[in-house]
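Working notes, structure below.
Number of protein chains: 2
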Amino acid sequence: MPKINDVAENAGVSITTVSRVLNNRGYISESTRNKVFLAMKELNYQPNEMARSLYRKKSNMIGLIIPTVTNPFFSELTYHLEYFANLKGYKLVLCNSMKNIQKEHDYIDMLKKNQVDGILVGSSVLDVEHYLNLNLPIVSFERTLANIPTVTSDYITGGKLAAQLLLDKGCLKPALIFQAGGGPHHQSLLTAGIGQGFEDVLKGTAIRPVYMELDPDININQCHGNELLRIFNEHPEIDGVLTEDLLAAEIIRICNRLDKKIPEDIKLIGYDDVMIPSLLSPRLSSVRQPIKEMSEYIIESIIKQIKGEVVPMLHTIPVTLIERETT
Amino acid sequence: MPKINDVAENAGVSITTVSRVLNNRGYISESTRNKVFLAMKELNYQPNEMARSLYRKKSNMIGLIIPTVTNPFFSELTYHLEYFANLKGYKLVLCNSMKNIQKEHDYIDMLKKNQVDGILVGSSVLDVEHYLNLNLPIVSFERTLANIPTVTSDYITGGKLAAQLLLDKGCLKPALIFQAGGGPHHQSLLTAGIGQGFEDVLKGTAIRPVYMELDPDININQCHGNELLRIFNEHPEIDGVLTEDLLAAEIIRICNRLDKKIPEDIKLIGYDDVMIPSLLSPRLSSVRQPIKEMSEYIIESIIKQIKGEVVPMLHTIPVTLIERETT
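The following block contains the structure:
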């Protein structure tokens, strides 16, 4: 494999000059630059990115810490984050923390040692001080971290849209069924906005919603069937539900079993609108997360920070409600 | 941030000695080693992994090229690959190639320049020469690449298990409905084994299966509803189906529409058994891919190659059929 000194010799310039061309530093005349490029082409020279990174103190790597890429929301997000990072010349190092404090801690340590240029962190569980001490560009999503730029979809409006649709369809006993936030930072999880928006809409009416929190579990194949069956047996009056897409699949099965017709007896709305809603029968109405837009903005935000620019502390992206066959 | 010379000074040894301790090279006495570790601890010294990598010519990075992490099979696989890589001290750089030849080419180029220690590639579309010329440890999965170690599940047995179950349940007109392999390497895609196994079982009977290939599409939200409706209208005799999990979801919807009962009128078996089967109503019987075992073996295989060990050219992992409510 040709080395930098071979390029220098072939081009008739010094190694320093080749290095300057590669790193676009210092003054280089157009003709010298051309000679170097010609020599690189002739020799099929591949600059050693790792050596260049070390020199530039820039690795062009971004760390991504999420609970697990097996969750459809995070797999869709990871796909788009990688897409936009790649467009800008950045590589994505994937870390699945399973919302485990020790794992999150170890991943951050590893990413820092490997000199990533920035870290993207979703649903993090560590104390914010840990991130602030890193002295690295960071973007948080799905959780607000004080003094760290956060990108989120508009969960409050998502909750409002769903409540309004259930009201419009004549529901008198709507229920909100979600997994409990889990972890020590429940309050700071942005998804709490869904309930807030839902309540905001119903506040002005005589309708009081049923709130149900299921045991949280990160394994998406966890079965909540018994918990859900209990809820519908104890609350036979429920005639509308806002829930997560994954739970909606189980609710459809429970309703089949209890001979409750969707949407005739119960209107059902999911949240996220990633993959699952179109697979279900009937097809699920769902609040769509703007994952592509979020991903593009998250990558923009981290690159701006890497370049030393200031970015907004909170950026909120609008959501839409996609109506299908369950409302 | 403390540097290597600060550690040397604090420990009262030369920089070369600190470097030797860090890289575990050359003879170092136990007491010197302890002095260096103590100094590192006192100063909270973080060795620069990138500089060490350059010195050792080892990045501890593994590139993963898959079509898209949004597909549940690949997201589950990616999760486990990252898990096992992390256990062994390796980082995973994620690349979504969308089965696009140019993208796959560019990713390989990028990974090579960044000196990854090895590449894992699933459903690749590039010529095998391209991989052989890399002179890098590689593991292929979902496609056989001549002279490159390949890890796969036992697709032939998967097809056999499904055909046998349909026969046992009394099916006389089973159909095999898959998306066409797509891309220029259709023949080398290992999934072709499913059809082979299916046929092997039926060969000894008077039963001739119906084969249907749908237009391939990498976007999992692609709707095949019209194609499937046409198939069931043209072949009302179909009484059993082996298909992909994602297509099974659509087939359930089509059957509801045509008033065909599952499993009474049509028995349905999916393939992969990742997330989707348990979400559907009725719950889908499906051939389970041994994703965790595959991932563990893939990581073992790439690390052995990185260490210069020889690994088998083909390793096949057994599959099981999980019976649920559709058969």
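For the record, the sequence lines run as chains A and B. According to our numbering, the first sequence is numbered sequentially starting from 428. According to our numbering, the second sequence is numbered sequentially starting from 428. For each residue, glycine too, the CB sits at the ideal point set by N, CA and C. Keep in mind the model is a prediction, meaning the values are calculated, not measured.
Go to residue i, then tell me how far its alpha helix (DSSP H) extends in each direction, as first and last residue.
i: Leu-514(B); result: 499 to 514
i: Glu-457(B); result: 457 to 470
i: Ile-431(A); result: 431 to 438
i: Ile-634(B); result: Where Ile-634(B) is concerned, there is no enclosing alpha helix (DSSP H), given that its DSSP letter is neither H nor E.
i: Val-445(B); result: 442 to 450
For residue i, return the contacting residues in chain A, with the cut-off set at a CB-CB distance below 8 Å.
i: Thr-495(B); result: Tyr-506
Can you name the residues of chain A whose CB is closer than 9 Å to the CB of residue i?
i: Gln-473(B); result: Asp-536, Lys-539, Lys-540
i: Val-520(B); result: Met-488, Lys-518, Leu-519, Val-520, Leu-521
i: Glu-654(B); result: Neighbours of Glu-654(B) on chain A: none; closest Cβ ~15 Å, over 9 Å.
With a threshold of 16 other CB atoms inside 10 Å of the CB of residue i, please say whether the residue is buried or exposed.
i: Ile-689(B); result: buried
i: Gly-631(A); result: exposed
i: Val-737(B); result: exposed
i: Gly-735(A); result: exposed
i: Glu-556(A); result: exposed
i: Asn-461(B); result: exposed
i: Ala-607(B); result: exposed
i: Met-488(B); result: buried
i: Asn-660(B); result: exposed
i: Cys-682(A); result: buried
i: His-651(B); result: buried
i: Glu-457(B); result: exposed
i: Asp-692(A); result: exposed
i: Met-740(B); result: exposed
i: Gln-529(B); result: exposed
i: Ala-573(B); result: exposed
i: Ala-443(A); result: A small correction: the amino acid at residue 443(A) is Thr; Ala does not occupy that position in the sequence shown. Classification for Thr-443(A): exposed.
i: Leu-465(B); result: exposed
i: Val-473(B); result: Here residue 473(B) is Gln; the residue named in the question, Val, does not match the sequence. So Gln-473(B) ends up on the exposed side.
i: Ala-438(B); result: buried
i: Leu-685(B); result: exposed
i: Pro-611(B); result: Because Pro-611(B) sits at a pLDDT of 38, beneath the cut-off of 50, its placement in the model cannot be relied upon, and the following sentence gives the value as read from the coordinates. The residue is exposed, with fewer than 16 neighbouring Cβ atoms inside 10 Å.
i: Val-746(A); result: buried
i: Ser-486(A); result: buried
i: His-613(B); result: With a pLDDT of only 46 at His-613(B), under the threshold of 50, the placement of this residue in the model should not be trusted, and no figure is reported.
What are the boundary residues of the beta strand (DSSP E) that residue i is part of?
i: Tyr-534(B); result: No beta strand (DSSP E) holds Tyr-534(B); the alpha helix (DSSP H) holding it covers 528 to 540.
i: Gly-490(B); result: 488 to 493
i: Leu-748(A); result: 747 to 749
i: Asn-523(B); result: 518 to 523
i: Leu-641(B); result: 637 to 641
i: Leu-741(A); result: 741 to 744
Taking C-beta pairs closer than 7 Å, name the residues in chain B that residue i reaches, listed in chain order.
i: Ile-703(A); result: Leu-706
i: Glu-503(A); result: Thr-497
Name, please, each residue of chain B whose Cβ falls closer than 9 Å to the Cβ of residue i.
i: Val-448(A); result: The contacting residues do not exist; Val-448(A) stays about 17 Å from chain B at best.
For a contact meaning CB atoms closer than 7 Å, what does residue i contact in chain A?
i: Ala-676(B); result: Leu-706
i: Asn-523(B); result: Tyr-506, Glu-509, Tyr-510
i: Asn-683(B); result: Ser-708
i: Ile-679(B); result: Ser-708
Counting only beta-carbon atoms, is residue i nearer than 8 Å to chain D?
i: Val-628(B); result: No chain D is part of this structure, whose protein chains are labelled A and B.
Exercise for the section: Kindly provide the ranges of any alpha helix (DSSP H) runs that are 4 or more residues long and lie completely inside the segment 688 to 734 of chain B, ordered along the chain. Expected result: Runs of alpha helix (DSSP H) with 4 or more residues, each lying fully within the segment 688 to 734 of chain B, are found at 703 to 706, 718 to 733, listed in chain order.
Practice task
Only counting runs of 4 or more residues, tell me where the alpha helix (DSSP H) segments fall wholly within the segment 544 to 609 of chain A, in order along the chain.
Solution key: List check, alpha helix (DSSP H) in window: 555 to 559, 582 to 595.
Problem - Continuous beta strand (DSSP E) assignments of at least 3 residues falling wholly in the segment 656 to 691 of chain A - result: The qualifying runs are 667 to 670.
Exercise for the section: Pair every Cβ in the segment 532 to 548 of chain A with every Cβ in the segment 558 to 565 of chain A, then say whether three or more of these pairs are closer than 8 Å. Expected result: Taking 8 Å as the limit for Cβ pairs, the verdict is that the segment 558 to 565 of chain A does touch the segment 532 to 548 of chain A.
Handout entry: Validate contact between the segment 663 to 679 of chain A and the segment 585 to 598 of chain A using beta carbons, cut 8 Å, 3 pairs
Key = Put simply, the segment 663 to 679 of chain A touches the segment 585 to 598 of chain A. At least three CB pairs are less than 8 Å apart.
Handout entry: Cβ pair count under 8 Å reaching 3, the segment 574 to 583 of chain A against the segment 518 to 526 of chain A
Key = no
Practice task
Inspect the CB distances between the segment 490 to 510 of chain A and the segment 452 to 466 of chain A and report whether three or more fall short of 8 Å.
Solution key: no
Exercise for the section: Mind the definition here: the segment 500 to 507 of chain A touches the segment 703 to 722 of chain A only if three or more C-beta pairs lie below 8 Å; say whether that holds. Expected result: yes
Handout entry: Stretch-stretch touch, CB-based, cutoff 8 Å, three pairs: the segment 687 to 706 of chain B with the segment 525 to 544 of chain B
Key = no
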